[in-house]
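To start, the structure itself, in structure tokens.
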Amino acid sequence: MEKLLRLAVQAKGRLNEESIQLLEECGVTVEESKRKLVARCGGFPVEVLYLRDDDIPQAVSMGVADIGIVGLNEVEEKGFPVDVLHRLGFGACRLSLAVPKGAGYTGTDWFAGRRIATSYPEILTRYFTSKGIEAHIHQIAGSVEIAPSVGMADAIFDIVSSGGTLVRNGLAEVETVMESQAVVIGNVELGESKLALVKQLLFRFEAVERSRGLKYVLMNLPREKVTEAVSLLPGLKSPTVLPLADEGWCSLHAVIREADLWERIESLKGIGAEDILVLTMEKTIP
Ligand code: PRT
Ligand code: ZN
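Numbering (our numbering), first residue to last: 30 to 315.
Here is the structure:
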């Protein structure tokens, strides 16, 4: 019987949608009946196990799942032995210490003897130990950001993304302790056949990730402008130039970062490019 890889994914929450979307972009179709614990998949020998993100590191370390997609913050907090196999780039956030505005923060010594509310006591304990600071860490499960205003804590240690939540609660971010993002973790004792499947799946993830933020651009260009056009497209592999029936013209194809797209297109138009087509890239396989 063919071996099935079991992948743990957050059942609901911030990482669920992007995890499933990434699988779909990799040709892995996840069966719709979402609220089942285990979903079958098409297009790859994998099944999806839906869990709370807090439970994913342990599930992978025990071998209940072979691999999992979870925030690096959860992996570090739980401390179960797993391999971090790949960084996925989404779910980016940081774990930071924040104090009430106007608290007179002077540096990390400020925390000595103070009460800090957090859902990440292990990471915070390690941080304070490394700095030689003794503080009172209060573990709370949620709504950490309101703890100072209700008198439960002097400061907080929590996930920050845009920083809007801190501002709304009158808090100022003063120390970033770790940067996090969604990662693929793996059981440390995967057998050969499962490892081969993990490699194949990561190969697909990378092909999709390489195309993120890139556009494929085609245009018609006067032939004598090719060198100039190439100089306007720095940093990428040399563009493809194809002849057209009209000998004075050619078709130029290039990959352009979305962030630079409009600037590049304006310069290309400036040297005579016409009929510019911008296409979405799905996968890039080297
Ligand atoms: O139910 P389950 O236990 O599975 O989910 P959960 O509620 O524990 O986690 P969830 O879905 O909130 O987050 C899952 C993972 O997403 C986290 O472990 C992080 O790795 C990642 N992530 C990325 C975030 C954020 N960004 C984020 N902004 N997790 C939480 N937040 C919170 C933050 O704590 C703050 O309170 O969102 C709020 C808004 O943040 P700002 O700074 O943008 O205002
Ligand atoms: Zn959680």
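We put the beta carbon where it would ideally sit given N, CA and C, even for glycine.
Keep in mind it's a predicted model, so treat the numbers as computed, not measured.
Next on the checklist: Using only the alpha-carbon positions, how far apart do Thr313 and Glu295 sit?
Outcome noted: 26 angstroms
Checklist entry - Cβ of Thr194 versus every heavy atom of the ligand PRT: is any distance shorter than 7 angstroms? => result Yes - the ligand PRT has a heavy atom lying nearer than 7 angstroms to the Cβ of Thr194.
Checklist entry - To which residues does DSSP link Gly100 through a beta bridge? => result Answer is Ala211, bridged to Gly100.
Item to check | Backbone CA spacing between Val231 and Val113 [nearest angstrom] | outcome: A quick correction: the sequence has Leu, not Val, at residue 231. Roughly 12 angstroms separates the two Cα atoms.
Next on the checklist: Taking the beta carbon of Ala274 as the centre, do at least 16 other beta carbons fall within 10 Å, making it buried, or is it exposed?
Outcome noted: So Ala274 ends up on the exposed side.
Next on the checklist: Tell me the rounded alpha-carbon separation between Arg276 and Val246.
Outcome noted: This sequence places Glu at residue 276; Arg is not what is there. Straight-line Cα distance between these residues: approximately 21 angstroms.
Next on the checklist: According to DSSP, simplified to helix, strand and coil, what is Asn249?
Outcome noted: strand
Next on the checklist: Under 8 angstroms, Cβ to Cβ, is there at least one residue of chain B near Ser267?
Outcome noted: Included in the structure is just one protein chain, with no chain B present.
Item to check | Under 8 angstroms between C-beta atoms of Gly120 and Gly100 | outcome: yes
Checklist entry - Out of curiosity, what's the CA-to-CA distance linking Glu311 and Ile285? => result 14 angstroms
Checklist entry - Just how far apart, CA to CA, sit Val237 and Arg144? => result 44 angstroms
Checklist entry - Around the ligand ZN, what residues have a beta-carbon under 5 angstroms from a heavy atom of it, in chain order? => result Asp82, Asp83
Item to check | Reduced DSSP category for Thr135 - H, G, I as helix; E, B as strand; rest coil | outcome: coil
Checklist entry - Which parts of the segment 210-245 are runs of the alpha helix (DSSP H), unbroken and 4 residues or longer, counting only runs that do not cross its ends? => result 221-240
Checklist entry - Given Ala302, which residues of its chain have a CB within under 6 angstroms of its CB, disregarding the five upstream and five downstream residues? => result Correct list, in chain order: Met248, Leu250.
Checklist entry - Looking only at C-alpha atoms, which of Ser267, Arg81, Leu33, Ile96 sits nearest to Val75? => result Leu33
Checklist entry - Which term fits Val67, buried or exposed, when burial requires 16 or more other beta carbons within 10 angstroms of its beta carbon? => result exposed
Checklist entry - Under the rule that 16 or more other beta-carbon atoms within 10 Å means buried, what is Arg233, buried or exposed? => result Under this definition Arg233 is a buried residue.
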